[in-house]
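Numbering (the numbering used here), first residue to last: 3 to 168.
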């Protein structure tokens, strides 16, 4: 009797919209990052015949490989071929470890008002197989290039193009 492997299509994860309204560094003596970031993340169950059961899901935000924010998502289920949207707003401050080269790069980005951020979605999906429950660990990286919105009348609002996460 041969063993049959189960292939589950990957989830489709995307950032549909994102806004960055504050992104500042303050250093004395520790480097602090002050931020206001909001985004809409979609997760699509691409399996056509089975519900998706998600657990221990977490969204992490990074600048220059330094994590500055994290949020746990509640466990949730998705019916076949359905999408769940998360409207996430993150604001606060965080200590980050940037060397002088990275601080200078931040200052250059600040002059152009464009910042490269990464949003990571991590967790696990549980599905039922003939021989019991299977756990699949998920890890998706979403690379964003966001323009800092300085005023409410800014023409940069609404210019975001959706980003597929891999």
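All residues carry an ideal CB built from backbone N, CA and C; glycine is no exception.
DSSP on residue i, reduced to helix/strand/coil?
i           : result
residue 106 : helix
residue 5   : With a pLDDT of only 46 at residue 5, under the threshold of 50, the placement of this residue in the model should not be trusted; the figure read from the coordinates follows. Coil at residue 5, not helix or strand.
residue 174 : Residue 174 lies beyond the residue range present for the chain, which begins at 3 and ends at 168; the question has no answer from this structure.
residue 67  : coil
residue 112 : helix
residue 53  : coil
residue 77  : coil
residue 161 : coil
residue 93  : strand
Using a Cβ-Cβ cut-off of 7 angstroms (strictly less than) and excluding sequence neighbours within five positions of residue i, which residues of its own chain qualify?
i           : result
residue 6   : With a pLDDT of only 46 at residue 6, under 50, the local geometry of the prediction cannot be trusted, and the value read off the model is given with reservation. Once the five neighbours on either side are set aside, residue 6 has no close Cβ partner at all.
residue 78  : 56, 86
residue 139 : 126
residue 2   : The question about residue 2 has no answer, for the chain in this structure spans 3 to 168.
residue 90  : 40, 41, 43, 61, 73
Indicate whether residue i and residue j have their beta-carbon atoms separated by less than 7 angstroms.
i           : j           : result
residue 37  : residue 28  : no
residue 116 : residue 149 : yes
residue 54  : residue 127 : yes
residue 81  : residue 120 : no
residue 71  : residue 92  : yes
residue 50  : residue 83  : yes
residue 58  : residue 134 : no
residue 17  : residue 165 : yes
residue 151 : residue 21  : yes
residue 47  : residue 104 : no
residue 19  : residue 129 : no
Which residues in the same chain have their Cβ closer than 6 angstroms to the Cβ of residue i, if we skip the five residues on either side of it in sequence?
i          : result
residue 15 : 45, 123, 142, 167
residue 88 : 43
Can you find the residues in the same chain that come closer than 8 angstroms, C-beta to C-beta, to residue i, ignoring five residues on each side of it along the sequence?
i          : result
residue 99 : 33, 68
residue 4  : Residue confidence is low: residue 4 scores 45 on pLDDT, short of 50, so the model does not pin down where it sits. Its coordinate-derived value is still stated next. Nothing meets the Cβ criterion.
Report the partner residues of residue i according to the DSSP bridge assignment.
i           : result
residue 98  : None, per the DSSP bridge assignment.
residue 131 : 134
residue 145 : 120
residue 43  : 17, 88
residue 166 : 16
residue 62  : 72, 122
residue 83  : The partner list for residue 83 (beta bridge, DSSP) is empty, contrary to what the question assumes.
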